[in-house]
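Basically my numbering = 1-based index in the first sequence + 1290.
Here a beta-carbon is modelled for each residue, glycine too, at the ideal position from N, C-alpha and C.
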Amino acid sequence: MSRHDGFFEQVYAVVCKIPHGRVTTYGAIAEYLGSRSSARMVGWAMNASHGSKQPVPAHRVVNRNGMLSGKFHFGNPALMQQLLEAEGVEVVDDHVQSFKKLFWSPADENDQ
DNA sequence: GGTGTGACCAGCT
DNA sequence: AAGCTGGCCACAC
1291 MSRHDGFFEQ VYAVVCKIPH GRVTTYGAIA EYLGSRSSAR MVGWAMNASH GSKQPVPAHR
1351 VVNRNGMLSG KFHFGNPALM QQLLEAEGVE VVDDHVQSFK KLFWSPADEN DQ
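So, in structure tokens, the structure goes:
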């Protein structure tokens, strides 16, 4: 990877590839980047996504249970849910409905 | 340059 | 069944 010395940039690139109205998981991204166990790094990368110049749809990234684990990091806890609902993703009690159906894998680029 | 931490996941107790 | 611990790796202090 040439200039992308940051692991974050890779995460951002993947997150930005998430289709509109779709969601994915930290573990899926981590696994796509190499290690499943690196899921924590993905979350940490999202933490820095606020400083990213490009808009990173971090609201499309949820945990394995489809729960909006990172909603508190959006400044406003309700923002993440609002963004998802704005894209047609139904969220109830901080859980993505039909999560498995809306789930998008980084490797499934064909779905774009 | 070592230590701590982190929006996770999976396995063990 | 439910809770805790370890592991993984990159970044900030």
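Discussion item. Would Y1316 and V1351 be called neighbours here (beta carbons separated by less than 9 Å)?
Written reply: Yes.
Worksheet item: From what residue to what residue does the alpha helix (DSSP H) around F1389 run?
Response: Note, F1389: alpha helix (DSSP H), 1389-1392.
Discussion item. Could you pull the DSSP bridge partners for H1385 from this structure?
Written reply: According to DSSP, H1385 shares a beta bridge with M1357, V1382.
Worksheet item: Using the rule of at least 16 other Cβ atoms within 10 Å of the residue's Cβ for burial, across every protein chain shown, is L1374 buried or exposed?
Response: A residue is called buried when at least 16 other Cβ atoms come within 10 angstroms of its Cβ; L1374 meets this threshold and is buried.
Worksheet item: In the structure shown, what three-state DSSP assignment does R1293 receive?
Response: The predicted model places R1293 with a pLDDT of 45, which falls under 50 and marks its position as unreliable; any figure quoted below should be read in that light. Correct three-state label for R1293: coil.
Item to complete: Let me know if G1296 comes out buried or exposed under the rule of 16 or more other beta-carbons within 10 Å of its beta-carbon.
Response: Classification of G1296: exposed, given that the 10 Å Cβ count is below 16.
Practice prompt. Hey, could you find the ends of the alpha helix (DSSP H) S1329 is sitting in?
Written response: Before going on, a small fix: residue 1329 reads as Ala here, not Ser. Run containing A1329: 1329-1338, per the alpha helix (DSSP H) assignment.
Item to complete: On a CA-only basis, which of A1303, D1398, D1384 is nearest K1343? Give me that one, please.
Response: The residue from A1303, D1398, D1384 with its alpha-carbon nearest to that of K1343 is A1303.
Worksheet item: S1359 to K1390, Cα distance in whole Å?
Response: Rounded to whole angstroms, the separation of the alpha carbons of K1390 and S1359 is 16 Å.
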